[in-house]
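Following my numbering, the numbering of the sequence shown begins with 21 at its first residue and continues without gaps.
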Amino acid sequence: MRQSAVKGICFGLTSGIITTLGMIVGLSSFTGSRLVVMGGVLSIAIADAFSDSLGIHMSEESERKSTKNVWVSTISTFLSKLIFASTFIIPIMFFELGKAIIISVIWGLLALALLNYFIAKERKENPLRVISEHLLLATLVVAIIHYIGILINVFFG
21 MRQSAVKGIC FGLTSGIITT LGMIVGLSSF TGSRLVVMGG VLSIAIADAF SDSLGIHMSE
81 ESERKSTKNV WVSTISTFLS KLIFASTFII PIMFFELGKA IIISVIWGLL ALALLNYFIA
141 KERKENPLRV ISEHLLLATL VVAIIHYIGI LINVFFG
């Protein structure tokens with residue numbers, strides 16, 4: 021059961037960080053609207069939490085896990101994604117949008133680094149390698165979405 025909870029939390033946090041950061045950066049790149057970005061964060065926190073928890077639920081069922089473990093993974097994915105994705109609202113509420121984006125990116129990458137540190141320690145792996153790999157991938161996603169947002173603004177704005 022512990023493994024099911026950890027799986028759900030790790031999946032939910034990772035997805036919550038990368039998906040929400042991508043959406044925040046993308047929306048701010050082509051709208052510049054604080055209200056649109058806040059609405060996007062709330063939408064992603066709720067809709068994607070349901071989507072990811074259903075995905076993990078079906079994945080766990082396909083592996084023929086016990087019903088209890090399936091639901092532990094499902095609920096831990098939902099709650100970790102919903103709660104963590106919602107934390108990105110805070111800087112957007114209290115800071116100018118450009119500054120809020122920087123704070124959000126730092127917050128997200130720091131949380132991802134901490135999560136990966138604990139995973140690496142648990143697996144007795146080199147934390148620096150694990151953290152570097154995942155931060156590079158997350159940064160790449162955010163950068164790509166930023167430039168896609170700029171292109172959308174150029175061509176359709």
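Just so it is clear, CB atoms sit at the ideal spot from N, CA and C, and this is done for glycine as well.
Annotated three-state conformation of residue 142 is helix, per DSSP. Residue environment for residue 164: exposed (fewer than 16 other C-beta atoms within 10 angstroms of its C-beta). Shown here, residue 22 sits in a helix according to DSSP, grouped into three states. Three or more beta-carbon pairs separated by less than 8 Å link the region 115-123 to the region 35-52, which places the two stretches in contact.
Around the CB of residue 67, fewer than 16 other CB atoms lie within 10 Å, so the residue is classed as exposed. Setting aside the 5 residues that flank it on each side, residue 29 is surrounded in the same chain by 96, 97, 100, each with a C-beta closer than 8 Å to its C-beta; the list follows chain order.
Judged by their CB atoms, residue 158 and residue 37 are nearer to each other than the 8 Å cut-off. Looking at 39, 31, 115, 173, the one whose alpha-carbon comes closest to that of residue 55 is 115. Shown here, residue 107 sits in coil according to DSSP, grouped into three states, outside any helix or strand.
Your pair residue 112 and residue 57 checks out as a contact, with CB atoms roughly 6 Å apart and the cut at 8 Å.
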